[in-house]
Amino acid sequence: MSVRVHFILEDLEAEAPEGIGLAEVAEAVGADITFGCRTGSCGTCRIRVSNGLSACSAPDAEERDFLASLDAPNDQRLACRVKLNGDVAIEYLGI
Ligand code: FES
């Protein structure tokens, strides 16, 4: 199975194997997402999942706590922590 990713701001579409990390897809297609720590602690990779939130791996407690500290709504995630199980559309926000 493959998944489709729409990077809304850049109007880029990508197809990738199910279970892949969003960061890997973003880098492969040159999407404009800045990554820093890649461990979920800096927030530079924050995104809004505009479509397909349920297709993203669930956030762990660490990611939930970090996003809560930013008062981020539930549709926001850290791109470095997301694995894809279906089609999504995302927008880069940053910290
Ligand atoms: S790169 Fe630092 S939180 Fe994702």
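The sequence shown runs 30 to 124 under this note's numbering. C-beta atoms are modelled at their ideal positions from N, C-alpha and C, and glycine is treated no differently.
- A straight line joining the alpha-carbon of S31 with that of E47 spans about 5 angstroms.
- In this structure the stretch 83-96 does not lie against the stretch 34-44, because fewer than three pairs of beta carbons, one per stretch, are closer than 8 angstroms.
- Straight-line spacing of the CA atoms in D89 and E120 works out to 21 angstroms.
- For R93, the shortest separation between its Cβ and any heavy atom of ligand 1 does not lie below 8 angstroms.
- DSSP places A90 in the helix class (H, G or I) of the three-state scheme.
- Straight through space, the alpha carbons of A55 and I124 are spaced by roughly 17 angstroms.
- Counted as a single uninterrupted DSSP element, the alpha helix (DSSP H) harbouring E56 occupies residues 51-58.
- Looking only at E44, S70, S86, L51, the smallest Cα-Cα distance to L99 is reached by S70.
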